[in-house]
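Step one of this worksheet: look at the structure below.
Numbering (the working numbering), first residue to last: 22 to 431.
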């Protein structure tokens, strides 16, 4: 191979790489289309949050949070881990429905669900690493200082393994984007095996998150503490996943309509109605389990207390109400109502996880409600990580065949 051939191949690769990166635009064109109100707002948020994140690693956790021995879990885990992981069950639920149970009509949403799940878990790990610190030492508890009796050890291993599984599940879309057809065939061949592995890992770590709180019965409010917590966490993650698919597919269709094809957009309304039916049934199953756990703990008398009133707000306003909205929406074939119910259900899951991990935890301490209000620096860091999450999600959707089909790989 002569020198000129080497230069030509290098130039061809550079041109191919820039075409993939810039979507066929020149650098000036690309930079001009990057100037949007959303991107400007994102840049402002990141300019505040990322330096604070750096200070957290330089000077310690106290720079960005008021966490203490009494309140070890703030927004980093309440929002990023305990609320983020159930919403990231999208890949597990939709891949199971499509590949195992044969709901083939949901094919337009499978890759979107897997991507939402993969990024959800990836950023949950970032929230966790921000809270724990020293991410360069992550290998130690996983490979050196085994803590096999620890529930958190179990969760850490399952999340890390499942993150790998979801990456492999999503890899066909990446390989199509890179035009690596031969490698893609191998990736497609292992999809069913990865789905089965995902079912095993997801059912274990979703419930294990609830099992963490079984270790502190004296610190949890009786209305939220129950031996059924692992089962409740798993049950809520299933309907949370279906609701989250409604949310991300709706947002994708509204804000990235130009990147979606007719196959995605044309089937979306019908599929949304189907997802609404599944979400409604899932919520009602969870509500039944919730009532059983309440009866099992004989905590009915606490419903008349201030904490009981807040508990009723959660159950009636963010569990029963979205189930009814979804049921009415499905019966009337109202896509708008189903979407509203899906968003409502997702907010309800977030509220439940915040209640369990922050509001109901150490509820007997003086000034509890005041002390769980997050520090503004902590809020800024969480907002910046969430912004990065949205930017990465959008970057992938705009470039890779997720809400459109690559014509060469149908």
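By construction, the Cβ of each residue, glycine as well, lies at the ideal position given by its N, Cα and C atoms.
What are the boundary residues of the alpha helix (DSSP H) that includes residue 388? For residue 388, there is no enclosing alpha helix (DSSP H), as DSSP marks it with neither H nor E.
The region 267 to 285 touching the region 312 to 331, judged by at least three CB pairs closer than 8 Å: Taking a cut-off of 8 Å for Cβ pairs, the region 267 to 285 and the region 312 to 331 do not touch, as fewer than three such pairs fall below it.
Is residue 108 near residue 265, with beta carbons less than 7 Å apart? Contact flag set, yes.
Proximal residues to residue 119 (C-beta, below 6 Å), its chain only, five neighbours per side dropped: Answer for residue 119: 127 and 131, listed in chain order.
Residue 382, DSSP secondary structure in three states: Three-state result, residue 382: strand.
In the DSSP assignment, find the alpha helix (DSSP H) that holds residue 215 and state where it starts and stops. Run containing residue 215: 212 to 232, per the alpha helix (DSSP H) assignment.
Does DSSP put residue 421 in a helix, a strand or coil? Coil, per DSSP.
CA nearest to the CA of residue 308, picked from 136, 353, 258 and 276: Sorting 136, 353, 258 and 276 by C-alpha distance to the C-alpha of residue 308 places 258 at the top.
When burial is assigned at 16 or more other CB atoms within 10 Å of the CB, is residue 160 buried or exposed? Exposed is the label assigned to residue 160, since fewer than 16 other Cβ atoms lie within 10 Å of its Cβ.
With DSSP collapsed to three states, give me the class of residue 52. Residue 52 falls in the helix class under three-state DSSP.
Pairs of beta-carbons, one from the region 361 to 381 and one from the region 227 to 244, closer than 8 Å: are there three or more? The region 361 to 381 and the region 227 to 244 touch, with no fewer than 3 CB-CB distances between them shorter than 8 Å.
At least three beta-carbon pairs within less than 8 Å, the region 89 to 109 to the region 135 to 143: The region 135 to 143 and the region 89 to 109 touch, with three or more beta-carbon pairs separated by less than 8 Å.
Under three-state DSSP, which class holds residue 265? Note: residue 265 maps to helix in three-state DSSP.
Please classify residue 204 as buried or exposed, where buried requires at least 16 other C-beta atoms within 10 Å of its C-beta. Taking all protein chains in view, the Cβ of residue 204 is surrounded by fewer than 16 other Cβ atoms within 10 Å, so the residue is classified as exposed.
Go through its chain and collect everything with a Cβ distance to residue 313's Cβ below 8 Å, but skip five positions before and after it. These residues qualify, in order along the chain: 249.
DSSP bridge partner residues for residue 46 (one or two, in chain order): Note: residue 46 sits in no beta bridge, so no partner.
Figure out for me which residue from 302, 64, 150 and 199 has the closest Cα to the Cα of residue 78. Ranking 302, 64, 150 and 199 by Cα distance to residue 78 puts 150 first.
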